[in-house]
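A.B. asks:
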Amino acid sequence: MLVPRISQRAKLILSILSALLATLILFSSPGLGSNGKPDDETIRYKGQLLSIRRDPLTQAPLIIRGIESNLLEIKNFSKLSRKEIAHTGPLLVNKYQSLLQIEPDQMKLKGAEKISDTWYVSYWQTFRDVILYESSLGFSIDSRGNIKSLGALLYPHVQAPVTSKISHEEALKIGQKQIKDYKKLKCMLLAESVLIYPVKKTNSIDYYRVYAFNFFPEKALHPATTEGGWAVFVDSQTGKVVLFETLLKPLGCCVPEDWVPPKPEEMKPKW
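In terms of the working numbering, the sequence shown is residues 40 to 310.
1. Three-state secondary structure (DSSP) at Asp220?
2. Return the first residue and the last residue of the beta strand (DSSP E) that Gln164 is part of.
3. Quick check: what's the CA-CA separation for Lys85 versus Leu176?
4. If distances are taken between C-alpha atoms only, which option among Trp269, Ile205, Ile103 and Ser232 comes closest to Thr277?
5. Alpha carbon to alpha carbon, how far is Arg183 from Gln98? Give it in angstroms, no decimals.
6. Using the C-alpha atoms, what's the distance from Ile82 back to Ser68?
7. Taking the CB atoms as reference points, tell me whether Gln215 and Phe283 lie closer together than 7 Å.
8. Can you tell me whether Glu123 is helix, strand or coil according to DSSP?
9. In the stretch 165-229, which residue ranges form an unbroken alpha helix (DSSP H) of at least 4 residues, counting only runs that do not cross its ends?
10. Note the first and the last residue of the continuous beta strand (DSSP E) segment covering Ser90.
11. So, using beta-carbon positions, are Leu171 and Tyr194 closer together than 7 Å?
12. What residues in its chain sit with their C-beta under 7 Å from that of Val201, if we drop five residues either side in the sequence?
13. Would the stretch 238-255 count as touching the stretch 266-281 if we require 3 or more Cβ pairs under 8 Å?
14. Could you tell me the distance, in whole angstroms, from the CA atom of Gly128 to the CA atom of Arg92?
15. What did DSSP end up calling Phe251 once you bin it into helix, strand or coil?
16. With 16 as the cutoff for other CB atoms within 10 Å, does Asn253 come out buried or exposed?
17. Quick one: is Glu123 near chain B, going by C-beta distance under 7 Å?
18. Considering only DSSP beta bridges, list what Leu234 is partnered with.
19. Can Leu110 and Ile186 be called in contact, C-beta distance under 7 Å?
20. To the nearest angstrom, report how far apart His207 and Lys279 are at their CA atoms.
21. Looking at the secondary structure, which residues open and close the alpha helix (DSSP H) in which Leu138 lies?
22. If I measure Cβ to Cβ from Ala270 and keep anything under 6 Å in the same chain, skipping five residues before and after, which residues do I get?
23. Express the C-alpha separation of Val132 and Asp156 in angstroms, rounding to a whole number.
24. Please return the same chain residues whose Cβ sits closer than 6 Å to the Cβ of Gln145, not counting the five positions on each side in sequence.
25. Report the residue from Tyr159, Ala151, Ser243 and Cys226 whose alpha carbon sits nearest the alpha carbon of His196.
26. Under a Cβ-count criterion, where at least 16 other Cβ atoms within 10 Å of its own Cβ denotes burial, should Pro100 be classed as buried or exposed?
27. Checking the sheet assignment: what are the DSSP bridge partners for Ala151?
28. For the putative contact between Ile113 and Ile180, defined by C-beta atoms under 8 Å, what is the C-beta separation to the nearest angstrom?
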């Protein structure tokens, strides 16, 4: 059976849409507190009535909705370019900065794609220009240029190292050693980055500055296999491995018959 061809752009759009929908479903579902009542609270912020759900540990908003008005209304929306659309995140953060507890310049664009008449825009949070792993701020802009709500996973008051004590070469060797038969499997480093890795505890959060590596065996690039890879995060201060987990095959196992394995630089990393 043939599998329909899906372009790289379509895959990117679908991945952004899926992530945003998952965020909205998660954050819009009625949560219950210890008293059995929804966790959402209603506040008046600079004269605007808002519904907010907060992270119980950081107290940063997970979702903000305008009750009687939009969070942001963008003028001349239909004439804006993708680059200009990408600037709406910092504008939104600036407007609700004291609620979100981050600075506008801490936002790094993750994706901005238009599907039908709606734009879906998402960002990472950064600390000293380094991305916080699994952080996010996302929203949609409707055909009238209105942003009605936002979903976020943010970390206020980050305290993390700003430099690395061990070298990239040392960290890479440590990462490679975590994989049994690394050489035999002809593993390749397909993505790497320096990230801030937050680890939530009961009453606090530890922040690690890590070298993040994604390794895949050579056979994972073959269209007929479901072979996966590994993510290894190495603490840049101590050399300790703080995360080691398996990764699914980058593009899944359902591919068109004329599918060509992606080049290493085209593979989407875990973060």
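Ideal Cβ positions, reconstructed from N, Cα and C, are used throughout, including at glycine.
Keep in mind it's a predicted model, so treat the numbers as computed, not measured.
C.D. replies: Taking the coordinates as given:
1. Your numbering for residue 220 matches position 181 in the sequence shown. The answer is coil: DSSP assigns Asp220 none of H, G, I, E or B.
2. Locating residue 164 in the sequence shown gives position 125, counting from the first residue. Gln164 -> beta strand (DSSP E) spans Thr157 to Phe166.
3. Position 46 of the sequence shown holds residue 85. Position 137 of the sequence shown holds residue 176. C-alpha separation (whole angstroms): 21 Å.
4. Here residue 277 corresponds to residue number 238 of the sequence shown, with the count starting at 1. With distances taken between Cα atoms, Thr277 lies closest to Ile205.
5. Walking along the sequence shown from the start, residue 98 turns up at place 59. Walking along the sequence shown from the start, residue 183 turns up at place 144. Cα to Cα, the separation comes out at about 32 Å.
6. For this step, residue 68 is matched to residue 29 along the sequence shown. For this step, residue 82 is matched to residue 43 along the sequence shown. Summary for Ser68: the model assigns pLDDT 45, below 50, so the residue's position carries little reliability; its value from the coordinates is reported in the next sentence. Distance between the alpha carbons of Ser68 and Ile82: 19 Å.
7. Counting from 1 along the sequence shown, the entry for residue 215 is found at position 176. Counting from 1 along the sequence shown, the entry for residue 283 is found at position 244. Not in contact: Gln215 and Phe283 (Cβ atoms no closer than 7 Å).
8. Indexing the sequence shown from 1 puts residue 123 at position 84. DSSP places Glu123 in helix when its eight states are reduced to three.
9. 207-216
10. Indexing the sequence shown from 1 puts residue 90 at position 51. From DSSP, the beta strand (DSSP E) with Ser90 extends over Gln87 to Arg93.
11. As a first step, residue 171 must be located in the sequence shown, where it is residue number 132. As a first step, residue 194 must be located in the sequence shown, where it is residue number 155. Contact flag set, yes.
12. Within the sequence shown, the letter at position 162 stands for residue 201. Only Arg167 meet the Cβ criterion.
13. yes
14. Taking the first residue of the sequence shown as 1, we reach residue 128 at position 89. Taking the first residue of the sequence shown as 1, we reach residue 92 at position 53. Taking the straight line joining both Cα atoms gives about 19 Å.
15. To locate residue 251, count along the sequence shown from 1; it is residue 212. The amino acid occupying residue 251 in the given sequence is Ala; Phe does not appear at that position. Strand.
16. Here residue 253 refers to the residue found at position 214 of the sequence shown. By the 10 Å Cβ count, Asn253 comes out buried.
17. Absent here is chain B; the protein component of the structure consists of one chain.
18. By 1-based counting over the sequence shown, the position of residue 234 is 195. Paired residues: Val249.
19. If you number the sequence shown from 1, residue 110 lands on position 71. If you number the sequence shown from 1, residue 186 lands on position 147. For Leu110 and Ile186, yes; Cβs fall inside 7 Å.
20. By 1-based counting over the sequence shown, the position of residue 207 is 168. By 1-based counting over the sequence shown, the position of residue 279 is 240. Looking at the two C-alpha atoms, the distance is approximately 13 Å.
21. Position 99 of the sequence shown, counting from 1, holds the residue named residue 138. Here the alpha helix (DSSP H) through Leu138 covers Gln136 to Leu139.
22. For this step, residue 270 is matched to residue 231 along the sequence shown. Answer for Ala270: Asn253, Glu284, Leu286 and Lys309, listed in chain order.
23. Your numbering for residue 156 matches position 117 in the sequence shown. Your numbering for residue 132 matches position 93 in the sequence shown. Each residue's Cα considered, the two are about 23 Å apart.
24. For the purposes of this step, residue 145 is taken as residue 106 along the sequence shown, with counting starting at 1. These residues qualify, in order along the chain: Gln164 and Thr165.
25. Residue 196 sits at position 157 when you count from the first residue of the sequence shown. The candidate whose alpha carbon is nearest that of His196 is Ser243.
26. Against the sequence shown, residue 100 aligns to sequence position 61. The residue in question, Pro100, is buried, as its Cβ has 16 or more Cβ neighbours within 10 Å.
27. Stepping through the sequence shown from its first residue, residue 151 is reached at position 112. Beta-bridge pairing links Ala151 to Val160.
28. Mapped onto the sequence shown, residue 113 falls at position 74. Mapped onto the sequence shown, residue 180 falls at position 141. Ile113 to Ile180, Cβ: 7 Å. Contact.
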